[in-house]
Amino acid sequence: MGAAMRRIHVGNALSAFGLGFTVPYLYVYVAQVRGLGSVTAGLVLAVFAVAALIVLPFAGRAIVRRGPLPVLLVALVTAALGALSLGLSASAATVLLSAAALGAGQAVMQPALATMIVDCSTAETRSRAFAMQFFLQNLGLGVGGLIGGHLVDTTKASSFTLLFAIEAAMFLVLVAVMATVRTPRAPHVGKAPGQSAGGSWKQLLGNRAMVQLCVLGFVLFFACYGQFESGLSAYGVEAAGISTSALGTALAANTLMIVIAQFAVLKFVERRKRSRVIAAVGLIWAVAWAVAGYAGLGHGSQAMATAAFISTYALFGLGEAMLSPTLAPLVADLAPTGLAGQYNSAFALVKQLALAIGPAVGGPLGASLHAPYIVVFTLFSLGITMLAVRLGRQLTDVQNQPSLARSRVVTQGGTPADAVAAAEA
Numbered sequence: 086m087g088a089a090m091r092r093i094h095v096g097n098a099l100s101a102f103g104l105g106f107t108v109p110y111l112y113v114y115v116a117q118v119r120g121l122g123s124v125t126a127g128l129v130l131a132v133f134a135v136a137a138l139i140v141l142p143f144a145g146r147a148i149v150r151r152g153p154l155p156v157l158l159v160a161l162v163t164a165a166l167g168a169l170s171l172g173l174s175a176s177a178a179t180v181l182l183s184a185a186a187l188g189a190g191q192a193v194m195q196p197a198l199a200t201m202i203v204d205c206s207t208a209e210t211r212s213r214a215f216a217m218q219f220f221l222q223n224l225g226l227g228v229g230g231l232i233g234g235h236l237v238d239t240t241k242a243s244s245f246t247l248l249f250a251i252e253a254a255m256f257l258v259l260v261a262v263m264a265t266v267r268t269p270r271a272p273h274v275g276k277a278p279g280q281s282a283g284g285s286w287k288q289l290l291g292n293r294a295m296v297q298l299c300v301l302g303f304v305l306f307f308a309c310y311g312q313f314e315s316g317l318s319a320y321g322v323e324a325a326g327i328s329t330s331a332l333g334t335a336l337a338a339n340t341l342m343i344v345i346a347q348f349a350v351l352k353f354v355e356r357r358k359r360s361r362v363i364a365a366v367g368l369i370w371a372v373a374w375a376v377a378g379y380a381g382l383g384h385g386s387q388a389m390a391t392a393a394f395i396s397t398y399a400l401f402g403l404g405e406a407m408l409s410p411t412l413a414p415l416v417a418d419l420a421p422t423g424l425a426g427q428y429n430s431a432f433a434l435v436k437q438l439a440l441a442i443g444p445a446v447g448g449p450l451g452a453s454l455h456a457p458y459i460v461v462f463t464l465f466s467l468g469i470t471m472l473a474v475r476l477g478r479q480l481t482d483v484q485n486q487p488s489l490a491r492s493r494v495v496t497q498g499g500t501p502a503d504a505v506a507a508a509e510a
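Taking our numbering, the leading residue of the sequence shown gets 86, the next gets one more, and so forth.
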């Protein structure tokens, strides 16, 4: 791991640590501490999603034209100002404007950092680099949330101001760290003839494999991440009688599974076709939804229901650990030279769209229609498997299994093919 990659990973950990400080407590802060009510708090969460959807199409083009580092630095400063302003805001208007700045900055960080990882890695090291990124993000979120939970006091607005100030400081520290990164000079297409913003999007939409991957990504994020803190938690409380402490334990089990399993599954994933790995994740998540069905619809004891519900989150974590070294490197491998930023932003846009729609659909369904909720998302998980198999048909052998590029030595009579060809020449 080179110096640039080390700094990028430090940046991922710091940004996740800062987010973990505030995100779990944002609703309580707006609705109760500032006394702005549940409607305003809900709007704040919606503003995060809307801001991301607005800025990401432009972020991709900016990364392509200017490179990921300048875009990342602007995003970090914007997020820092948004976080600090949010901690000082007392009115609905300033809270919403601050949330928009923070949400926009956070959204742009993702494709910018992902593009920097692409620029600083090779096809051989990319899966491990993205696995390390995902590992550090989850570790940072968990540690940040744990420390933040011990600092907040709902009777004191100043304790929340401190949280947001720490988050802003993390972003500014990250500015200082990332400003020292020297990435390899990646090719950009800003001055290439015919490379307008509309042209690059048209080129992306003409890539059938990328379009299929975006559809698959939407289903993945909608059926998993979009349910964690909305539909699945509502289902657990209403159908399975899960306590809030048990819900917290389930979320911790998800993070713990990722931390433990991430590098254990990496060797398994690296030697197999990416489409089959994603298909296997769909099957694992189908089992997870079946276990959740038992927790809420079975007739076992409360202890069994709680154990099953916690196991559901752990199984989701196993699938996430398998996806982290698979999805992001595949996006990078599908991108033409110089357009990695555009492709990373497009995939981040799909993710944000799924995360915006997922809670809106899953929340009411999980809270009131318990059996249909489980059936629907079990089918979504099986749909992931089907879509992954279809995607595999659109990928080249090396895109689907990069290890082939490292180990492809075709022999003829025990002699490497290259040597045979040279001898014949």
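Quick reminder that beta carbons are idealized off the backbone N, C-alpha and C, glycines included.
Computed from a predicted structure; not experimentally measured.
Which value, in whole angstroms, describes the spacing of the CA atoms of residue i and residue j?
i, j, result
"S100", "F256", "6 Å"
"H235", "L412", "35 Å"
"A160", "G227", "23 Å"
"V322", "G385", "16 Å"
"S328", "L476", "40 Å"
"G152", "K436", "22 Å"
"L440", "A433", "10 Å"
"A335", "K287", "42 Å"
"I93", "L187", "20 Å"
"S466", "P155", "38 Å"
"V474", "V366", "12 Å"
"Q312", "L141", "22 Å"
"F220", "L173", "32 Å"
"A406", "V350", "7 Å"
"A89", "A214", "12 Å"
"P449", "V304", "19 Å"
"T207", "G120", "51 Å"
"V132", "I251", "22 Å"
"A98", "L231", "15 Å"
"V258", "L247", "16 Å"
"G404", "Y458", "20 Å"
"L332", "S318", "7 Å"
"K352", "R91", "21 Å"
"L104", "S453", "31 Å"
"I442", "F462", "14 Å"
"R478", "L289", "18 Å"
"P444", "I345", "28 Å"
"M201", "L171", "29 Å"
"L410", "T265", "The sequence given here places Pro at residue 410; Leu does not occur at that position. Approximately 26 Å, taken between the alpha carbons."
"I395", "S330", "11 Å"
"A164", "A147", "17 Å"
"Q218", "C205", "13 Å"
"A393", "V460", "17 Å"
Less than 7 Å between the C-beta atoms of residue i and residue j, yes or no?
i, j, result
"V376", "T391", "no"
"V129", "A184", "yes"
"G58", "G447", "Nothing can be reported for residue 58: it is not among the residues displayed for the chain, which extend from 86 to 510."
"L480", "A294", "yes"
"Y310", "G451", "no"
"Y112", "F245", "no"
"V262", "V95", "yes"
"R356", "S488", "yes"
"Q427", "V149", "yes"
"L40", "L472", "Lying before the first or after the last residue shown, residue 40 is absent from the chain, which here runs from 86 to 510."
"Q347", "A216", "yes"
"V237", "Y110", "yes"
"L166", "V260", "no"
Beta-carbon within less than 7 Å of residue i's beta-carbon, same chain only, minus the 5 sequence neighbours each way: which residues are those?
i, result
"A511", "With the chain covering 86 to 510 only, the question about residue 511 has no answer from this structure."
"F102", "G225, V228, G229 and M255"
"G122", "A116"
"I136", "The sequence shown places Ala at residue 136, rather than the Ile named in the question. So the qualifying residues of the chain are A185, G188, A189 and A192."
"L169", "F249, A250 and A253"
"R267", "A89"
Contact defined as beta carbons within less than 8 Å: I believe residue i pairs with residue j. What is the distance between those atoms, to the nearest angstrom?
i, j, result
"N339", "G378", "Contact flag wrong, Cβ pair sits at about 18 Å."
"L138", "L438", "7 Å"
So, for residue i: in the same chain, excluding its five sequence neighbours on each side, which residues have a beta-carbon less than 8 Å away from its beta-carbon?
i, result
"L341", "A399 and G402"
"A507", "In this predicted model, A507 has a pLDDT of only 41, less than 50, meaning its place in the structure is not dependable; the value taken from the coordinates is given anyway. Around A507: no qualifying Cβ."
"Q484", "A294, R359, L415, D418 and L419"
"Q117", "T239"
"H455", "Y320, E323, A324, G381 and L382"
"T125", "V115, A116, A177, V180 and L181"
"S243", "none"
"I469", "L301, V304, L305, A308, I363, A364, V366, G367 and W370"
"D482", "L489"
When you measure from the CB of residue i to every non-hydrogen atom of the ligand GDP, does any distance come out below 6 Å?
i, result
"A216", "Ligands are entirely absent from the displayed structure, and the ligand GDP is therefore not among its contents."
With a threshold of 6 Å on Cβ separation, who are the neighbours of residue i within its own chain once the five nearest residues in sequence on each side are excluded?
i, result
"N223", "T340 and I343"
"S430", "L141, A144, G145 and P196"
"G233", "F106 and L248"
"Q486", "K358"
Spell out whether any CB of chain C is found under 7 Å from the CB atom of residue i.
i, result
"V266", "Here there is only one protein chain, and chain C is not present."
Counting only runs that start and end within the stretch 440-475, where is the beta strand (DSSP E) found for 3 or more residues in a row? none
Residue ranges of each alpha helix (DSSP H) run of no fewer than 4 residues wholly in the stretch 188-241, ordered along the chain? 211-236
Taking only runs that begin and end inside the stretch 348-398, name each unbroken alpha helix (DSSP H) of 4 or more residues, in chain order. 351-355 and 359-382
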